[in-house]
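Q: Next up is a structure, given as structure tokens.
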Amino acid sequence: MSWLRLQTPNSPVAGGSSGGRKTSQRIILVCYGSLQSPREAGISNPGDWPMNMLGIIQSQKTAELLLDLKVDTVVSSQRKASVEAAKIISQVQEAADCLGADCVPRYVDVKEIQELDVETMLDQSKEASIADASFPPQLTGLGSRVLMDLWNQAGKVWQILLEELSNPSDQQKIVVAVGHPSLHIALLGHCLNLTQDWMGSFHLDEGSVSVIDFPDGPSGRGVVRCINYTAHLGRWAIPITKPTAEEEDFY
Numbered sequence: 002m003s004w005l006r007l008q009t010p011n012s013p014v015a016g017g018s019s020g021g022r023k024t025s026q027r028i029i030l031v032c033y034g035s036l037q038s039p040r041e042a043g044i045s046n047p048g049d050w051p052m053n054m055l056g057i058i059q060s061q062k063t064a065e066l067l068l069d070l071k072v073d074t075v076v077s078s079q080r081k082a083s084v085e086a087a088k089i090i091s092q093v094q095e096a097a098d099c100l101g102a103d104c105v106p107r108y109v110d111v112k113e114i115q116e117l118d119v120e121t122m123l124d125q126s127k128e129a130s131i132a133d134a135s136f137p138p139q140l141t142g143l144g145s146r147v148l149m150d151l152w153n154q155a156g157k158v159w160q161i162l163l164e165e166l167s168n169p170s171d172q173q174k175i176v177v178a179v180g181h182p183s184l185h186i187a188l189l190g191h192c193l194n195l196t197q198d199w200m201g202s203f204h205l206d207e208g209s210v211s212v213i214d215f216p217d218g219p220s221g222r223g224v225v226r227c228i229n230y231t232a233h234l235g236r237w238a239i240p241i242t243k244p245t246a247e248e249e250d251f252y
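Below is the structure:
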């Protein structure tokens with residue numbers, strides 16, 4: 002399966018309607034940016050890499066995009082990259098008045114939630130790879146048991162996000178969840194009441210944004226407004242096609 006990304010430069014978060022219906026409650030799935038290589042990171046904890054300079058820039062651009070909204074809560078795992086991206090988003094939100102995006106300061110509740118850490122199970126996956134080209138890169142190579150564990154974990158995370166959205170029961174609330182693309186792929190499936198088999202139908206890039214609206218509140222069905230939005234990354238966006246060997250040598 003190939004993925005064709007058609008995106009307008011218009012922000013997917015500006016405006017308060019989804020399919021013509023006004024919404025004031027929203028979950029935004031943010032994939033953290035590009036990671037350092039093990040050699041760059043120079044840390045002993047396998048797999049817990051911080052973002053590299055490109056990843057930091059991607060997260061800064063995501064934070065700038067989210068200035069169009071008043072974010073109430075940012076949740077992340079305890080992984081370095083996830084915490085870094087969440088911190089960037091919350092800091093930019095709380096500087097909204099200084100940046101001219103709001104006339105009053107914003108206060109963001111930042112939480113680290115252990116259930117959002119799926120990287121551990123992904124890192125420990127040693128099962129035979131899935132010989133299925135229809136699966137996105139983040140899921141290729143995972144064994145069936147790991148995919149099932151990922152799906153079940155995402156179900157728990159989805160309930161946590163819905164609870165965050167409904168507590169307290171404000172009329173307006175926006176929750177941003179920062180994490181690994183694989184987790185967000187599974188979360189989209191749970192939102193749409195799909196089965197685990199549908200996970201291969203989605204693809205998410207580093208630094209991408211996916212928006213889920215709740216016109217009827219968190220007790221109602223979520224409406225996926227956009228998936229894998231990367232237009233905000235500009236020149237840093239991941240290309241639709243991978244570079245050839247000659248192009249890689251050139252760079």
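Read in my numbering, the sequence shown has 153 at position 152, and its numbers run on one by one without any break.
Ideal placement from N, C-alpha and C gives every residue a C-beta, glycine not left out.
These figures come from a predicted structure and were not determined experimentally.
#1: Between which residues of its own chain and Ile213 is the CB-CB distance below 6 Å, once the five residues before and five after are set aside?
#2: So Gly180 is in the beta strand (DSSP E); what residue range does that whole segment cover?
#3: In chain order, what are the residue ranges of uninterrupted alpha helix (DSSP H) at least 4 long that sit wholly in the stretch 42-105?
#4: Go to Val212, then tell me how far its alpha helix (DSSP H) extends in each direction, as first and last residue.
#5: Going by CA-CA distance only, name the one from Met52, Ser12, Glu116, Val75 that's closest to Leu166.
#6: Candidates Gly34, Thr24, Arg22: which alpha carbon is nearest Gly180's?
#7: What residues match up with Leu36 in a beta bridge as DSSP calls it?
#8: Any idea which residues DSSP pairs Glu164 with across the strands?
#9: Going by C-alpha to C-alpha distance, which of Asp69, Val147, Leu30 sits closest to Leu123?
#10: Could you check if Tyr108 is buried or exposed, using at least 16 other CB atoms within 10 Å of its CB as the buried criterion?
#11: Between which two residues does the alpha helix (DSSP H) holding Glu120 run?
#12: Going straight from the alpha carbon of Ile228 to that of Gln94, what length do you get?
#13: Would you give the residue range spanned by the beta strand (DSSP E) that Glu113 belongs to?
#14: Quick check on Ile57 - is its C-beta less than 8 Å from some C-beta in chain D?
#15: For Thr63, count neighbouring Cβ atoms within 10 angstroms of its own Cβ and tell me buried if that reaches 16, exposed if not.
#16: Return helix, strand or coil for Asn153, following the three-state DSSP convention.
#17: Please list, in chain order, all residues of the same chain as Val158 whose beta carbon is under 7 Å from its beta carbon, the five residues on each side excluded.
#18: Using a 10 Å radius around the Cβ and a threshold of 16 neighbouring Cβ atoms, would you call Ala129 buried or exposed?
#19: Expressed to the nearest angstrom, what Euclidean distance is found between the alpha-carbon atoms of Ala15 and Val176?
#20: What are the boundary residues of the beta strand (DSSP E) that Arg226 is part of?
#21: Taking the CB atoms as reference points, tell me whether Gly101 and Ala82 lie closer together than 8 Å.
A: Put simply:
#1: Here residue 213 refers to the residue found at position 212 when the sequence shown is read from its first residue. Ile28, Cys192, Gly223, Val225, listed in sequence order.
#2: Mapped onto the sequence shown, residue 180 falls at position 179. It spans 174-180 - the beta strand (DSSP E) in which Gly180 sits, taken as one unbroken run.
#3: 54-66, 81-95
#4: Numbered from its first residue, the sequence shown carries residue 212 at position 211. Val212 -> not in any alpha helix (DSSP H); beta strand (DSSP E) instead, spanning 210-214.
#5: As a position in the sequence shown, residue 166 is number 165, starting the count at 1. Nearest C-alpha to Leu166: Val75.
#6: In the sequence shown, the residue the question calls residue 180 occupies position 179. Selected option, being the one with the closest Cα: Gly34.
#7: If you number the sequence shown from 1, residue 36 lands on position 35. Answer by DSSP bridge pairing, in chain order: Met52.
#8: In the sequence shown, the residue the question calls residue 164 occupies position 163. None; Glu164 has no bridge partner.
#9: Numbered from 1 along the sequence shown, position 122 holds the residue referred to as residue 123. Measuring from the Cα of Leu123, the nearest candidate turns out to be Val147.
#10: Here the question's residue 108 lines up with position 107 in the sequence shown. Under this definition Tyr108 is an exposed residue.
#11: The residue labelled residue 120 in the question sits at position 119 within the sequence shown. Here the alpha helix (DSSP H) through Glu120 covers 120-124.
#12: For the purposes of this step, residue 228 is taken as the residue at position 227 of the sequence shown. For the purposes of this step, residue 94 is taken as the residue at position 93 of the sequence shown. Taking the straight line from one Cα to the other gives about 22 Å.
#13: Numbered from 1 along the sequence shown, position 112 holds the residue referred to as residue 113. That run of the beta strand (DSSP E) goes 110-113.
#14: Given the protein chain composition of this structure (a single chain), no chain D is represented.
#15: Residue 63 sits at position 62 when you count from the first residue of the sequence shown. Thr63 should be labelled buried.
#16: What you label residue 153 is simply residue 152 of the sequence shown in a count that begins at 1. DSSP places Asn153 in helix when its eight states are reduced to three.
#17: One-based indexing of the sequence shown puts residue 158 at position 157. So the list reads Glu116, Leu117, Leu184, Leu188, once near-sequence residues are dropped.
#18: Position 128 of the sequence shown, counted from the first residue, corresponds to residue 129. Per-residue confidence for Ala129 stands at a pLDDT of 40, beneath the threshold of 50, marking its modelled position as unreliable; the derived number appears in the next sentence. Exposed is the call here.
#19: Locating residue 15 in the sequence shown gives position 14, where the first residue counts as 1. Locating residue 176 in the sequence shown gives position 175, where the first residue counts as 1. Distance between the alpha carbons of Ala15 and Val176: 15 Å.
#20: Start at 1 with the first residue of the sequence shown, and residue 226 comes out as number 225. Counting along the chain, the beta strand (DSSP E) containing Arg226 begins and ends at 224-230.
#21: Here residue 101 corresponds to residue number 100 of the sequence shown, with the count starting at 1. Here residue 82 corresponds to residue number 81 of the sequence shown, with the count starting at 1. No, the pair does not count as a contact, with Cβ atoms beyond the cut-off.
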